[in-house]
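I have placed the structure first, in the form of structure tokens, so that the comments after it can refer back to it.
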Amino acid sequence: MKQLVITILGPDKPGLVEDLSATILSHHGNWLSSNLSHLAGHFAGIIEAAVPEEHLQELQDALHSLPHLEVRIERGTETLPEEKSEQINFVITGNDRPGIVQELASVIRHKGANITHLNSKQQSAPNWGVPIFSAVATVALPIGMNKDEVISALESITTDLIVDIEDA
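Counting from 1, position 142 in the sequence shown corresponds to residue 142 in the UniProt record's numbering; the numbering is continuous, with no gaps.
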């Protein structure tokens with residue numbers, strides 16, 4: 001089986017996920033995992049799929065022929081077993097402003113950790129007068145790193161930033 005990472009972008013419409021899943025299935029593929037979103041009227045998705053080598057090209061051709069969608073397909077790579085890192089879900093909330101994601105990402109990288117998943121959004125806060133930024137970041141901590149070190153570093157960005165740990 002060949003592992004594929006498929007990214008899709010295009011105008012959102014009812015039935016789009018059904019069309020994608022049917023295309024993968026009808027070409028002998030198996031949908032393994034995904035992150036799918038509706039953003040500003042568009043569908044944006046990342047899908048991990050597996051397909052037998054003999055059906056790889058036909059699946060790629062079928063996905064590329066889906067109308068009104070930009071499709072990019074990359075072959076996955078097998079990862080070697082590495083030392084286990086601790087995966088922590090940080091829940092981050094604060095006043096929104098340009099550059100907040102870059103600041104968070106920079107602090108996490110400088111601590112030697114890696115963001116493996118990030119969900120963020122801006123929401124209205126009528127009583128506060130400014131929009132609120134909220135995110136859940138799954139972060140792989142290096143062996144031996146204490147999560148409190150990362151929390152302290154993140155909270156030192158600004159006084160209005162709150163970082164909590166989400167229970168798994």
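Beta carbons: idealized from backbone N, C-alpha and C, even for Gly.
Exercise for the section: Count the other C-beta atoms from every protein chain shown that fall within 10 angstroms of the C-beta of V130, then say buried if there are 16 or more, exposed otherwise. Expected result: Against the sequence shown, residue 130 aligns to sequence position 130. In the assembly as shown, V130 is an exposed residue. Its beta-carbon has fewer than 16 other beta-carbons within 10 Å.
Handout entry: Which of helix, strand or coil DSSP assigns to S21
Key = As a position in the sequence shown, residue 21 is number 21, starting the count at 1. When DSSP states are grouped into helix, strand and coil, S21 belongs to the helix group.
Practice task
Starting from R72, follow the alpha helix (DSSP H) in both directions and report where the run begins and ends.
Solution key: Within the sequence shown, numbered from 1, the residue matching residue 72 stands at position 72. Premise fails: R72 lies in the beta strand (DSSP E), 70-75, not in any alpha helix (DSSP H).
Handout entry: Outcome for I8 when other beta-carbon atoms lying within 10 angstroms are tallied against a minimum of 16
Key = Within the sequence shown, residue 8 is the residue found at index 8, counting from 1. Note on I8: 16 or more other CB atoms within 10 angstroms of its CB, so buried under the neighbour-count rule.
Handout entry: Per-residue burial, G94 [other beta carbons within 10 Å of its own, 16 or more giving buried]
Key = Looking up residue 94 in the sequence shown gives position 94. Label assigned to G94: buried.
Problem - A50 beta carbon less than 8 Å from that of T23 - result: Locating residue 23 in the sequence shown gives position 23, counting from the first residue. Locating residue 50 in the sequence shown gives position 50, counting from the first residue. No, they are not a contact pair.
Handout entry: Residues bridged to K13 [DSSP beta-bridge criterion]
Key = To locate residue 13, count along the sequence shown from 1; it is residue 13. Residue pairing from DSSP leaves K13 without any beta-bridge partner.
Handout entry: Simplified DSSP assignment, three categories, for I162
Key = For the purposes of this step, residue 162 is taken as residue 162 along the sequence shown, with counting starting at 1. Correct three-state label for I162: strand.
Exercise for the section: Taking L32 as part of the beta strand (DSSP E), name the residues at either end of that continuous run. Expected result: Along the sequence shown, read from residue 1 onward, the residue named residue 32 stands at position 32. L32: member of the beta strand (DSSP E) spanning 30-39, first to last residue.
Exercise for the section: On a CA-only basis, which of T158, S34, A137 is nearest V17? Give me that one, please. Expected result: Within the sequence shown, numbered from 1, the residue matching residue 17 stands at position 17. Checking every option, the nearest Cα to that of V17 belongs to S34.
Practice task
Can you give me the Cβ contacts of S152 inside the same chain, cut-off strictly under 6 Å, excluding the 5 residues immediately before and after it?
Solution key: Within the sequence shown, the letter at position 152 stands for residue 152. Contacts found: none.
Practice task
Drop a sphere of 10 angstroms on the beta-carbon of A125, count the other beta-carbons inside from all chains shown, and report buried for 16 or more, exposed for fewer.
Solution key: Along the sequence shown, read from residue 1 onward, the residue named residue 125 stands at position 125. The Cβ neighbour count for A125, taken over all protein chains shown within 10 Å, is under 16; the residue is labelled exposed.
Problem - Delimiting residues of the beta strand (DSSP E) encompassing V101 - result: Along the sequence shown, read from residue 1 onward, the residue named residue 101 stands at position 101. No beta strand (DSSP E) holds V101; the alpha helix (DSSP H) holding it covers 100-110.
Problem - Beta-carbon separation (whole angstroms), Q3 vs E48, contact threshold 8 Å - result: As a working note, residue 3 is residue 3 in the sequence shown. As a working note, residue 48 is residue 48 in the sequence shown. Rounded, the Cβ-Cβ distance is 7 Å, consistent with contact.
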